[in-house]
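Taking it in order: structure first as structure tokens, then the write-up.
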Amino acid sequence: MQKSIEEFVVELERIYQNCPKDEWRYAGGEVLAGSVATGGFSREESDEDAEIELQDLAESLLEKLAEIWVKFE
Numbered sequence: 000m001q002k003s004i005e006e007f008v009v010e011l012e013r014i015y016q017n018c019p020k021d022e023w024r025y026a027g028g029e030v031l032a033g034s035v036a037t038g039g040f041s042r043e044e045s046d047e048d049a050e051i052e053l054q055d056l057a058e059s060l061l062e063k064l065a066e067i068w069v070k071f072e
């Protein structure tokens, strides 16, 4: 079952609220990895490359969301 955007945002907000910033990359990467467990990457990419890409994406998403959320705190 795929997660909705709202479910991702809830999980990312939980990370934002509860994890130190230096852990966002890894915790967020785990959230995103759960959504592509069936193979969202091509065979040419190693598992390590895919993990790094997900961590980069998670870090970027959390930083952008933090910019938004901090305005409402």
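In numbering that gives the first Met the number 0, the protein residues as written are 0 to 72. Heads up, the beta-carbon is just placed ideally off N, CA and C, and yes, glycines get one too. These numbers were taken from a predicted model, which means no experiment stands behind them.
Hey, how far is the Cα of Ala29 from the Cα of Val9?
-> Note that residue 29 is Glu in the sequence shown, not Ala. Their backbone Cα atoms lie some 14 angstroms apart in a straight line.
Going straight from the alpha carbon of Gln54 to that of Lys70, what length do you get?
-> 25 angstroms
Let me know if Gly75 comes out buried or exposed under the rule of 16 or more other beta-carbons within 10 Å of its beta-carbon.
-> Because the chain is modelled from 0 through 72, residue 75 falls outside the range shown and cannot be assessed.
Just tell me which of Ser3, Gln1, Ile14 has its CA closest to the CA of Leu60.
-> Ile14
For Asn17, which residues of its own chain have a beta-carbon under 6 angstroms away from its beta-carbon, when the five flanking residues on both sides are left out?
-> Excluding sequence neighbours, Asn17 sits near nothing in its chain.
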